[in-house]
Amino acid sequence: MNRMSWFNAVSLTLGFAFLYIPMVILVIFSFNESKLVTVWAGFSTKWYGELLQNEAFLNAAWVTLKVAVFSSTLATVLGTIAAYVLVRGGRFMGRTLFSGMIYAPLVMPEVITGLSLLLLFIGIGLDRGVFTIVLAHTTFAMCYVSVVVSSRLVTFDRSLEEAALDLGCSASEAFRLVTLPIIAPAVISGWLLAFTLSLDDLVIASFTSGPSATTLPIKIFSAVRLGVSPEINALSTIMIAIVTVGVITASLVTKHQVAKQKREEMEAVRT
Amino acid sequence: MIHFQNVTKRYGEFTAIDNLTIDIYEREFYALLGPSGCGKTTLMRMLAGFETPTEGTIHLAGQDIAPVPPNKRAVNMMFQSYALFPHLSVWENIAFGLKREKMPKHDIDDRVDEMLRLTRLEKFARRKPHQISGGQRQRVALARSLAKHPKLLLLDEPLGALDKKLRQETQFELMDIQEKTGTTFVIVTHDQEEAMTVASRVAVMDHGKIIQVATPDRIYETPNSVYVADFIGDVNLIEGTAKPNGSDVYAMSWHEGHEPLAVQSPNGFSDGQKCHLAIRPEKVSISADKPEAADNAVQGRILDIAYLGNISTYHVELPTGAVIKAQAANTRRIARRAFTWEDTVWLSWTATAGVLLAD
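First to last, the protein sequences are chains A and B.
Take 1 as the starting number for the first sequence in the working numbering and just add one per residue.
Take 1001 as the starting number for the second sequence in the working numbering and just add one per residue.
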């Protein structure tokens, strides 16, 4: 391979430094002995220990996880159905309007989404808590799911469904036995997207959460307003680690599958 | 077995099928042949149940099939793209329709094995569709659509994705399988050679209408219209006016100063009626001297020679400017060929060689 020119090397270094220096600093200071965030006083993991003792943080983490799992699951079901109808439903009245409306929340400022949901919940007298956050997250995540799933459905060979009908399936069996297994990767990545969106949402959650339920991003945000503590650094480091492991695993699995498919196709040509 | 009665299908303003009435018989291999957009695929999709006729009725074994949904019809279809389920193995693909019938597990195993044997796919039962070649996929699609013992099998351009050699082999396989299973096959194709090879009857379509239905040899030898003559194979068309000259015999005057052509035709023409003589290139002989016994002979100049190995096609320009194609088998080596470019030659054919068609 050619040696990289100095210009490229500098650009690469600067770019990555810009992206990662803040996070690296955060990780380093999470291992700081001192309580003062900006003064280095030696290596220690004591803040991780203290984090595990902190009821409030653990509670918030648990709430966040619950909200993320429920809302992403609900959003995936609704988003997949919406995508299916919009792509497959033929030209029913107002189809263009509907498909436009399903994408609108993607560009809507989160503050407005949050505020309107808050007004709705107050209006119908719903107590704010885990349930309302789940509803709110489902609302905005299902648009993302429906975008991901419908882009897969557009390239889906329609005759596969017709073949299923032809071989004796009812419409719902055809969806369950043929369409769903084939679009499963898109549905799963839609779920993952919804899950991450729910995990790190601050704005909408802060509108729709109540005193009984606080999510982790809200907790961190309010804690930081009182001053950055090393505990927060430790918590953030853990989150970075989880995300990193997740991303690396996902890419390794994808790479493995692509390689496997290629290998099998080569074998098919040979035999 | 299948009866289309005055079937019309419109998409908005566009008429895909125009007041069509046909019959397809039991155990027949029926080909729908026509250029793309002639309505042949629409016709097939109506049989499968994916389209409903705007007007008219379709009867299958005496029953009106309009209210029967696709999954309840004793009709199976082999799709152009094969539509194999990518997440299922070859075995599971073939078993798919049988499982929907709630067939006992043991019978499913037997039936799938039988289909695998019929299509010579035993070795590939556990593979996924992306792990087998195009020809094998085509056979899986055929096995899957035959597994349920359909009364009628529809084939939508089944061989379109295969290369020429594999296609020819597969055509014979298809005929073999059709004979073994005794199923009625309806095949849609735009490839006239394919239709002529596999089918027992060919229906030539154009603009949503059936132009002619006949056996392949009758379609070729006695087309009923200029369209069919032109669509099937290569043909020379000579325009002229008919003059009855005894029973079924006509003298066709085609150009001033030239002797009229003698044609025998079962189709009746009145005196002075405009008509076309359609004659296949292989039925036109080419010679250096004027043949004595020929019914018709015209002189011309060789414009072009297409050498195809086993035969050569000569394009001969007549003094009128018309170009007639004549084919001759290359029984001698090319170096010893009697004619070359710019030679003056005689073309001749018998009175029964061509057919006389109305305008």
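Every residue gets a Cβ at the ideal spot worked out from N, C-alpha and C, and that includes glycine.
None of these values were measured; they are calculated from a predicted model.
Using DSSP with H/G/I as helix, E/B as strand and the rest coil, what is residue i?
i       : result
B:D1064 : strand
B:C1275 : strand
A:H137  : helix
A:T45   : coil
B:R1111 : helix
B:N1330 : coil
A:L199  : helix
B:K1009 : strand
B:E1256 : coil
B:K1290 : coil
B:A1358 : strand
A:D157  : coil
A:L274  : Absent from the model: residue 274 of chain A. The displayed extent of chain A is 1 to 271, so no value can be given.
A:V39   : coil
B:H1149 : coil
B:F1269 : coil
B:A1161 : coil
A:V258  : helix
B:F1004 : strand
B:M1175 : helix
A:A213  : coil
A:F70   : helix
A:G79   : helix
A:S11   : helix
B:T1352 : coil
A:I290  : Residue 290 of chain A lies beyond the stretch modelled for chain A, which goes from 1 to 271, so this question has no answer here.
A:M266  : helix
B:R1120 : coil
A:L167  : coil
A:L226  : coil
A:R152  : helix
A:M34   : Per the sequence presented here, residue 34 of chain A reads as Ser, with Met not at that position. In this structure, A:S34 counts as coil in the three-state DSSP scheme.
Could you pull the start and end residues of the beta strand (DSSP E) that residue i belongs to?
i       : result
B:L947  : With chain B covering only 1001 through 1359, there is no way to say anything about residue 947 of chain B.
B:I1286 : 1285 to 1287
B:A1125 : Counting along the chain, B:A1125 falls outside any beta strand (DSSP E), and DSSP gives it neither H nor E.
B:L1020 : 1014 to 1024
Starting from residue i, follow its DSSP beta bridges and name the residues at the other end.
i       : result
B:Y1307 : B:S1312
B:V1186 : B:Y1030, B:L1154
A:F29   : Note: A:F29 sits in no beta bridge, so no partner.
B:M1205 : B:I1210
B:G1300 : B:V1345
B:P1244 : B:Y1250
B:L1237 : B:A1278
B:L1261 : B:M1252
Which residue comes first and which comes last in the alpha helix (DSSP H) that contains residue i?
i       : result
B:S1145 : 1134 to 1146
B:N1093 : 1090 to 1100
B:A1322 : Careful: B:A1322 lies outside any alpha helix (DSSP H) and carries neither H nor E.
B:A1229 : 1226 to 1231
B:R1218 : 1216 to 1221
A:A171  : 171 to 174
B:M1103 : Here B:M1103 belongs to no alpha helix (DSSP H), and DSSP marks it neither H nor E.
B:A1195 : 1192 to 1198
Does the Cβ of residue i lie closer than 7 Å to at least one heavy atom of the ligand GDP?
i       : result
B:P1070 : Among the ligands in the structure shown, none appear at all, so the ligand GDP cannot be discussed.
Check your understanding: Mind listing which residues of the segment 1057 to 1088 of chain B have their C-beta closer than 7 Å to chain A's C-betas, in chain order?
Key -> P1070, N1071, N1076, M1077, F1079, S1081, A1083, F1085, P1086, H1087
Requested in this report: Within the segment 83 to 109 of chain A, note down every full alpha helix (DSSP H) run reaching 4 residues or more, in order along the chain.
Outcome: 95 to 107
Query - Selection of the segment 1142 to 1156 of chain B by Cβ proximity to chain A, strictly under 8 Å - result: R1144, S1145, K1148
query: Mind listing which residues of the segment 138 to 172 of chain A have their C-beta closer than 7 Å to chain B's C-betas, in chain order?
result: D157, S159, L160, E162, A163, L165, D166, L167, G168, C169, S170
Listed from N- to C-terminal order along the chain, which residues in the segment 1030 to 1054 of chain B have their beta-carbon within a distance smaller than 7 Å of any beta-carbon of chain A? A1048, F1050
Give me the subset of the segment 1091 to 1106 of chain B whose CB atoms are less than 7 Å from a CB atom of chain A, sorted by chain position. F1096, G1097, R1100, E1101
If you scan the segment 1035 to 1089 of chain B from start to end, which runs of the beta strand (DSSP E) of 3 or more residues do you find wholly inside it? 1055 to 1060, 1075 to 1078
**Message:** By the 9 Å beta-carbon criterion, what residues does the segment 203 to 237 of chain A contribute toward chain B?
**Reply:** none
Item checked: Contact residues within the segment 1126 to 1138 of chain B, judged by C-beta distance below 7 Å to chain A -> H1130, Q1131, I1132, S1133
Practice prompt. Residues of the segment 169 to 200 of chain A with a CB closer than 9 Å to any CB of chain B: list them in chain order, please.
Written response: C169, S170, A171, E173, A174, L177, V178, P181, I182, A184
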